[in-house]
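Before any comments, here is the structure.
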Amino acid sequence: AQSVTQLGSHVSVSEGALVLLRCNYSSSVPPYLFWYVQYPNQGLQLLLKYTSAATLVKGINGFEAEFKKSETSFHLTKPSAHMSDAAEYFCAVSSDTGRRALTFGSGTRLQVQP
Amino acid sequence: DSGVTQTPKHLITATGQRVTLRCSPRSGDLSVYWYQQSLDQGLQFLIQYYNGEERAKGNILERFSAQQFPDLHSELNLSSLELGDSALYFCASSVDLAGGRETQYFGPGTRLLVL
Chain A
187 AQSVTQLGSH VSVSEGALVL LRCNYSSSVP PYLFWYVQYP NQGLQLLLKY TSAATLVKGI
247 NGFEAEFKKS ETSFHLTKPS AHMSDAAEYF CAVSSDTGRR ALTFGSGTRL QVQP
Chain B
6 DSGVTQTPKH LITATGQRVT LRCSPRSGDL SVYWYQQSLD QGLQFLIQYY NGEERAKGNI
66 LERFSAQQFP DLHSELNLSS LELGDSALYF CASSVDLAGG RETQYFGPGT RLLVL
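Chain order of the listed sequences is A and B. Numbering-wise (the working numbering), the first sequence opens with residue 187 and increments by one. Numbering-wise (the working numbering), the second sequence opens with residue 6 and increments by one.
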């Protein structure tokens, strides 16, 4: 079975500050990991994904994430927050064996203070 | 715009009723996934279809069913609705690359309110 834990349901940062959203996964097989963003009243948009190539993955809007197998983590970072980054962020896992549908974490709501 | 369309955007109905949610995948995508997003359960996978055939089932209730048609659009049927079925229902589509690493593209969702 696969699962994802997102630490912190709410994160608040100041504009220009570092954004760090935490994600830990559990998987008995090599995982594929995804970060999606959901803006109010919209669907989910892919920010980035890890599929066993480079462990440091760069995504859209200046976000990146690093796959750390030893820590079973896939934390999302952005050096400098912008007001437009305010949204809900979801970490998800799938794999190439067993269930290929996404298993999502509970989400982290990011607030950006001016 | 992900290229995945869902109709209707909003749906208000009463307990005990039946509704149908429709999804059109991105051009060329053969896989369609349905997810439910609710406050208490979060985002949960319901069911997947690939080229007209059911491929995987998640936490889908027996009162719910889905199908994918020859033109690849999909419908999710929810019957005997209960208050707890109120949620946002997403459809996602993907190409079917080997290994499950493919990106799933999500539609804007259908917000269902059961009164």
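Beta carbons: idealized from backbone N, C-alpha and C, even for Gly.
Distance, residue j Cα to residue i Cα
{"i": "A:P216", "j": "A:A278", "result": "14 Å"}
{"i": "B:L88", "j": "A:P265", "result": "43 Å"}
{"i": "B:W39", "j": "A:F260", "result": "25 Å"}
{"i": "A:L234", "j": "B:Q109", "result": "12 Å"}
{"i": "B:Y55", "j": "A:G202", "result": "44 Å"}
{"i": "A:T294", "j": "B:R60", "result": "30 Å"}
{"i": "B:S32", "j": "B:V9", "result": "9 Å"}
{"i": "A:L204", "j": "A:T263", "result": "7 Å"}
{"i": "B:Q41", "j": "B:G47", "result": "8 Å"}
Nearest-angstrom Cβ-Cβ length linking residue i and residue j, presumed shorter than 8 Å
{"i": "A:Y218", "j": "B:R106", "result": "5 Å"}
{"i": "B:R68", "j": "B:S84", "result": "5 Å"}
{"i": "B:S91", "j": "B:L118", "result": "5 Å"}
CB contact flag (residue i, residue j, <7 Å)
{"i": "B:T25", "j": "B:L86", "result": "no"}
{"i": "B:S98", "j": "B:P13", "result": "no"}
{"i": "A:S213", "j": "A:Q192", "result": "no"}
{"i": "A:V190", "j": "A:G291", "result": "yes"}
{"i": "A:V223", "j": "A:A273", "result": "yes"}
{"i": "B:D101", "j": "B:L51", "result": "no"}
Segment limits, beta strand (DSSP E) that includes residue i
{"i": "A:A239", "result": "Neither: A:A239 is in no beta strand (DSSP E) and is coded neither H nor E."}
{"i": "B:N82", "result": "S79 to L83"}
{"i": "B:S43", "result": "S36 to S43"}
{"i": "B:G47", "result": "G47 to Y55"}
{"i": "A:R295", "result": "T294 to Q299"}
Neighbourhood of residue i by C-beta distance below 7 Å, restricted to the same chain and skipping five residues each side
{"i": "B:P75", "result": "G57"}
{"i": "A:L242", "result": "E250 and E252"}
Listed by chain order, chain D residues near residue i by CB distance under 9 Å
{"i": "A:L219", "result": "Reference to chain D is not applicable here, since the protein chains of this structure are A and B."}
Own chain residues within Cβ distance below 8 Å of residue i, not counting five before or after
{"i": "A:Q297", "result": "H196, V197, S198, V199 and A272"}
{"i": "A:Q299", "result": "S198, V199, S200 and E201"}
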